[in-house]
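Trainee: Take any residue in the sequence shown, note its place counting from 1, add 4, and you have its number in our numbering.
C-beta: ideal position from N, C-alpha, C; glycine also.
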Amino acid sequence: MNCLAPALLAVGVLWSTSSQALDAEQRRAEALLQQMCAQCHAVGRSGTSPNELAPPFRNLGENKLYDPDFLQRLQDGYSSIHRFMPTARFGRDDAEGVVSYLRAIQELRKPK
5 MNCLAPALLA VGVLWSTSSQ ALDAEQRRAE ALLQQMCAQC HAVGRSGTSP NELAPPFRNL
65 GENKLYDPDF LQRLQDGYSS IHRFMPTARF GRDDAEGVVS YLRAIQELRK PK
């Protein structure tokens, strides 16, 4: 049994990290968002946004990411209601990657 414990531990670690690993499309989208958005937003799974008015991308919430129009808005030119955010426009493949990446990094909401 003592020989089996390290193997089970290794399998558990690999299992838990593989579910959090990003695929190639998501890594490409993360790099794109770092280039286009990180001046104001926290783009990854941790960190604070450089601009306190810009929400971290990991906290966008399901309502936006699962909105059927969000993908199209990314392609048409997504802009915010505030005047300082530049319009971001993505090709279809990049927009799909961005949505996939954003879904992958969302923090679970704590129950109230």
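Between the Cα of L57 and those of L78, Q79, A42, spot the shortest distance and give me the residue it belongs to.
Mentor: A42
Trainee: So for Y3, helix, strand or coil by DSSP?
Mentor: Past the boundaries of the shown model lies residue 3; the chain is included only from 5 to 116, so the question cannot be answered.
Trainee: I need the DSSP call for D97, collapsed to helix, strand or coil.
Mentor: helix
Trainee: Just tell me which of R62, F61, H45 has its CA closest to the CA of P54.
Mentor: H45
Trainee: Who does Y70 pair with in a DSSP beta bridge?
Mentor: Beta-bridge pairing links Y70 to no other residue.
Trainee: So does the region 30 to 38 actually touch the region 65 to 76, counting three or more Cβ pairs closer than 8 angstroms?
Mentor: no
Trainee: Can you name, in chain order, every residue of its own chain whose Cβ lies under 6 angstroms from the Cβ of T91, other than the five neighbours on each side?
Mentor: Closer than 6 angstroms at the Cβ level, and outside the excluded window around T91, lie G81, S83.
Trainee: Excluding the 5 residues preceding and the 5 following A49 in the sequence, name in chain order all residues of the same chain whose CB lies nearer than 6 angstroms to its CB.
Mentor: According to the sequence shown, residue 49 is Arg rather than Ala. So the qualifying residues of the chain are R62, I109.
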